[in-house]
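Numbered by my numbering, the letters in the sequence shown go through residues 21 to 361 in order.
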Amino acid sequence: MKRLIIDLDDLGIRQTLLSDGVACQLSSNEEGIAWQDAAGNLVFGDKASAARAHAPRDICDNYWDRLDTSTSTQGDFQRNLAELAAEHLQRVVGSNAEATEAIAIVPAHYGPDQRGILASIARDLQIPLRYIIPRPIACAESGNEPAYLHVDISLHSLQISRVNRGPELTFAYLTAKRDLGYLNFLNHWLKGIASEFVDSCRIDPLHSADGELRIRGIISQVLRELGSNSLSAVPVAIDSTEQKHKIEITEALMTGWAISRLSAVAKEITSLTQGTGGVLLGHNIGRIPGLYDLLSRELDVAVSSTDEGQAIAGVAGDWPPPAADDRCLYLSQRPRNAGGA
């Protein structure tokens, strides 16, 4: 059997194709951002993200977060959010049409309406979607405490759930903070890196849209290299008409530039830890520099984090079990001894 696992989020769609339990394809991450170019073509992912600096009012970046049938009106861009999600998903999974079963991992806040829309999209696209699983449950094999908080982040919000590992594994979605999303961190890093270039090289890379686009690319590079623990300082450069301007970015700098946001995240988590034994950071929020160390110092409970593949691994084994029919099932809980990776 070939099983396609799709991890959905506005920070990216990740997909893995499993053949008899062995991963034979892991796609690159593609952000849930849509943009209509001058020719009227709909563009997704990195190309759409690049347009943020040039046409910030002509993109839509919350259709996976909201996943409803409302219309997004931003500048000249007017599209139904569910239709955007359908077109994006069609482009992403087209190369995996040979899958005989699909599992969707979705954000914790998805309710019956959003799960229903996703099931309808899958049916229309002939994706053999059988299970829709909330991310806290998919990552639950990584948790080590009887009760803990699962913390996730999307482009626009911080999301916190409580997971209980009792006789049955359950979760409860607790809260979302709209001012603590990834874009909020990104804006602080943009300003910090620009200030570093101003102080060190006497150039302001944010004076133009092209400069802002280059800095956004630098941030992706820095997060990737700091997250790999291969470098303590990441050298980055910007070419001008006269010379190449170089700076080095460390985790300490990235932490300092976003310390107000990190502290706000820590405050939200701290307020909800009563009665829990730990905090598990999802892979998106776990790559934010400085957060793990800050939480480890300030919290009285254990802090751990997942990597990008652990949600996939959590549903890659015998669980979910074969369904009795072809319905898309939403499993809010499962016995602790049932399958797993």
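Yeah, the Cβ is synthetic: ideal placement off N, Cα and C, and Gly gets one too.
Within the same chain, and ignoring the five residues on either side of Ser324 in sequence, the residues whose Cβ sits closer than 6 angstroms to its Cβ are Leu300. Note: Glu50 is bridge-paired with Ile33 in the DSSP secondary-structure output. Following the DSSP letters along the chain, one finds Thr190 inside the beta strand (DSSP E) bounded by residues Glu188 to Lys197.
Per the C-alpha coordinates, the member of Gln110, Glu118, Glu216 and Tyr130 positioned closest to Asp144 is Gln110.
If you look at His170, you'll find it in the beta strand (DSSP E) that goes Ala167 to Ile173. Contact between the stretch 136-155 and the stretch 274-291 is absent, with fewer than three C-beta pairs closer than 8 angstroms. With contacts defined by Cβ atoms closer than 8 angstroms, Val242 and Met274 form a contacting pair.
For the pair of segments examined, the stretch 129-139 was found to touch the stretch 82-89: the number of CB pairs separated by less than 8 angstroms reaches three.
Secondary structure at His265: strand, using DSSP grouped into helix, strand and coil. Membership of Asn82 in any alpha helix (DSSP H) is not indicated, and neither H nor E is assigned to it by DSSP. Listed in chain order, the alpha helix (DSSP H) elements of length 4 or more contained wholly in the stretch 272-336 are 279-290, 303-306, 311-318 and 330-334. One alpha carbon belongs to Ser291, the other to Ala167, and they sit about 15 angstroms apart. Membership of Arg222 in any alpha helix (DSSP H) is not indicated, and neither H nor E is assigned to it by DSSP.
Between Arg307 and the set Ala70, Gly247 and Leu349, the nearest pair of CA atoms involves Gly247. Assigned with DSSP and collapsed to three states, Ala124 falls in strand.
In chain order, His176 and Ser177 place their CB closer than 8 angstroms to the CB of Arg198, counting only its own chain and leaving out the 5 sequence neighbours on each side. For Ile141, the enclosing alpha helix (DSSP H) stretches over residues Pro132 to Asp144. By the Cβ neighbour-count rule, Thr326 is buried, with 16 or more other Cβ atoms within 10 Å of its own.
Using a Cβ distance threshold of 8 angstroms, Ala128 and Phe64 do not count as a contacting pair. Taking the C-beta atoms as reference points, Thr91 is found no nearer than 8 angstroms to Asn82. In this structure, Leu200 sits away from Ala73, with a CB-CB distance that is not shorter than 8 angstroms. The shortest CA-to-CA distance from Leu62 to any of Glu165, Leu28, Pro156 and Glu107 is the one to Glu107. Going by C-alpha positions, His170 is about 6 angstroms away from Pro156. Contact between Glu288 and Ile173 fails: their C-beta atoms lie close to 11 angstroms from each other, not under 8 angstroms. Taking C-beta atoms under 8 angstroms as the contact rule, Val285 and Leu311 qualify, at a distance of about 6 angstroms.
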